[in-house]
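Counting the sequence shown from 1 gives a position; my numbering is that position plus 57.
Virtual Cβ for every residue (Gly too), placed ideally from N, Cα, C.
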Amino acid sequence: MPAPPVYIDEDVGRDDDSAVGTEGAPYKTLLHAMIKHPPDTTTYLTRKSETGPVGEDGDEGVRLEWKPASKSALKKATNLFEQHKKKQAKAAELAIRENAEAVKRQQVLEEAKKVIIEEDASLPAPIRIRLDETDPAKIKLGTPDSPGTRIRVLGRVHHLRSQKDVMFVTLKDGYGQMQCVFTGKLIRAYAAMTLTLETSLAIHGELRSLPPKAHAPLDRELHADFFTVIGAAVGDKEAITNKVQADGDAQTLLDNRHLVLRGENASSIMKVRAAVTRAFRQTYQETRVLEVTPPAMVQTQVEGGATLFEFNYYGEKAYLTQSSQLYLETCVASLGDVFCICPSFRAEKSLTRRHLSEYMHIEAELDFIQFDDLLAHLEHVICRVIDITLADPVIAAYVKELNPKFAAPHRPFRRMKYEEAIQWLIEHEIPNEDGEPHKFGDDIAEAAERKMTDELNVPIFLTHFPVEIKAFYMKKDDQDKRVTESVDVLMPGVGEIVGGSMRIDDYEELMAGYKRVGIDPAPYYWYTDQRRYGTSPHGGYGLGLERFLAWMCGRWTVRECTLYPRFAYRCTP
Ligand code: 4AD
């Protein structure tokens, strides 16, 4: 009995499992029909509607009769069908080959499971060291042919390179990296054959110098005689190199920040961050500025209501602090000059490369000073912090790697009054936010500020901002009451990294300050009281640690300079 014809309807047919090639369930294309019913003995009947495909309203148009497929259609479909068959044959061949390889690998792995790695009890007990340790009193380095001290190291696989008879494992432990050489039985063991990046290991062996022309961290390598896997890292699709790639999409990298932090760049920045923080503390200690820790939960604003994070505090309105400045001011009477290194919070709505919602704010407040003293202090602190940080050769090497062009700034920093900056912007035809030439009283926008800083390419003390564009607490300049004794420190590549000023120390003037910006003075009674209980000329500043680091480490954005950046709509991980 001849096979029944196969039906193809270009309009209503389907090329999926719902079609079987009958009149009631036709296919859509001739190629699909051929794949399902090979051409030799099959008759293909096709049809389509005259007025085009079926409309959404169910209008099927005028349907033509079923007709045998035309010669040209059959020829075209047969060509495609032949190509399809070739592709399938190739895929089948590949699958067979892969399968054979998988079977072979499985056999090799089964064999590898029989290789038992045991520590040779006759060897000297290993000494545990961290990967950056070099103390010759503790570790004797062997030569490529003579033994050195036997050591034990613990860490995670950073790089893996296999050759025929040797496997090079670069181990990292947060302190440094070490090249470990596996040979002989060790590389035939199951654990070595299936080793993945980030797997944590304990490795024992001798530490030796490198053979000529070889390169490895600290010019040495560990000749492993024993190892154990402490925690295997997932591989294949889930391997760290698949999850985070240097040129990966920004959101994916942020979602996987915990894995990004395992990379060399991110971890170097975190180490520089720790060193810079330490250097600030040392500098403040040297200049007798005392560390305090003001509260993060507050009921007053410092830098304007627009960026306050508000929350419910036992039924009362409270905020995450924008700045600890007001609290620092209350400390100087009893503690002298003070500083804090605490997070500040800003509900910044715009996404810029230098704004975070939570950032590390280094703030200081100095008592009995004049504006020039504040500038001199700032210059000293910034330069001293850089000097201390770069005096550590390990940290200096990280900075060099991250930002090869970085050089410690020269003193004195360039002083520029706001009014001069406005003039400079006009002369250089850099418009204000409305696209017009800048004029006195304009807020200098981020882009304009950065253009100017990058052009001048030196640290700048931008001073004497107009009263109207600055916070309520800033002291006016006695010589020019239109402006305040205020300073922004601008650095090339980043722009503003510090905002500071002298503070209003007169009671009446402060009350006028509250009034000017529409703040109710009542909740600020404790701040105002500084002016009632022995006032003093004083001033201070706040420095954004992430901006300082972006400048020093040459980073495009402050988001790279904190562990887990928080900015608009990002609070994970
Ligand atoms: O200029 P700001 O707003 O000044 C103050 O908060 C003062 N009350 C500080 C003081 O005088 N004690 O902020 C100071 C610095 C900025 O120069 C910048 O480096 C950083 O804090 N900063 C930010 N850093 C990251 N993300 C943000 N959203 C920041 N806002 C300010």
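Candidates R468, Y416, A448, of which the one nearest I554 by Cα: Y416
Under 8 Å between C-beta atoms of L264 and L228: no
Helix, strand or coil at A248 [DSSP, three-state]: helix
Test item: CB-CB of E386 and Q236 under 8 Å: no
Buried or exposed (CB count within 10 angstroms, at least 16 for buried), F522: buried
Cβ-heavy atom distance, S48 to the ligand 4AD, below 7 Å: The chain is shown from 58 up to 630; residue 48 falls before or after that span and cannot be answered.
Delimiting residues of the alpha helix (DSSP H) encompassing Q308: 307-312
Residue-level contact to chain C via CB, T298, 8 Å cutoff: This model lacks chain C altogether; it includes just one protein chain.
Contacts around F470, its chain only, beta-carbon distance under 6 Å, and the 5 residues preceding and following it disregarded: E436, P516, F518
Backbone secondary structure at I153 - three-state DSSP: helix
Any non-hydrogen atom of the ligand 4AD within 7 Å of Y416 CB: yes
Identity of the residue in E476, L447, E477 nearest A464 by Cα: L447
Inter-residue Cα distance where the pair is V301 and S325: 17 Å
Where E113 falls, given that 16 or more other Cβ within 10 Å makes a residue buried: A caution first: E113 carries a pLDDT of 49, below 50, which makes its placement in the model unreliable, though a value can still be read off. With fewer than 16 Cβ atoms within 10 Å of its Cβ, E113 is classed as exposed.
Residue burial classification, W613 (beta-carbon count within 10 angstroms, cutoff 16): exposed
Separation of A404 from Y581, as counted between CA atoms: 22 Å
Close Cβ partners of T592 (< 6 Å) along its chain, the five nearest in sequence each way excluded: D562
beta-carbon G241 near the ligand 4AD non-hydrogen atom, thresh 7 Å: no
Close-in-space but distant-in-sequence residues of the same chain around K527 (CB under 8 Å, 5 per side omitted): T541, S543, S558
Collapsed DSSP secondary structure at A502 in the structure displayed: coil
Same chain only: Cβ atoms within 8 Å of I92, ignoring 5 sequence neighbours per side: F138, H141
Contacting residues, own chain, Cβ-Cβ under 6 Å from W123 (five flanking each side not counted): L102, R104
Three-state class that DSSP yields for D66 in the structure shown: strand
Cβ neighbours of G570 in the same chain (closer than 7 Å, five flanking residues each side left out): F529, Y530, I561
E405 beta carbon near the ligand 4AD (any heavy atom closer than 7 Å): yes
Where C618 falls, given that 16 or more other Cβ within 10 Å makes a residue buried: buried
Closest residue to I426 among K532, P204, R120 (Cα-Cα distance): K532
Closer than 7 Å: R623 CB and nearest the ligand GDP heavy atom: With respect to the ligand GDP, the structure shown offers nothing to examine, as its ligands consist of the ligand 4AD.
8 Å Cβ cutoff met for L275 and I260: no
Whole-number beta carbon distance between D394 and E422, since they are thought to touch under 8 Å: 7 Å
F138, DSSP secondary structure in three states: helix
Three-pair Cβ contact test at 8 Å for the stretch 246-256 versus the stretch 158-175: yes
Check: S555 C-beta below 7 Å from any heavy atom of the ligand 4AD: The sequence given here places Val at residue 555; Ser does not occur at that position. Yes - the ligand 4AD has a heavy atom lying nearer than 7 Å to the Cβ of V555.
Identity of the residue in H272, I479, E255, G575 nearest V238 by Cα: H272
Cα-Cα separation, G115 to H89: Because G115 sits at a pLDDT of 49, beneath the cut-off of 50, its placement in the model cannot be relied upon, and the point is left open.
C-beta atoms of H495 and I479 nearer than 8 Å: yes
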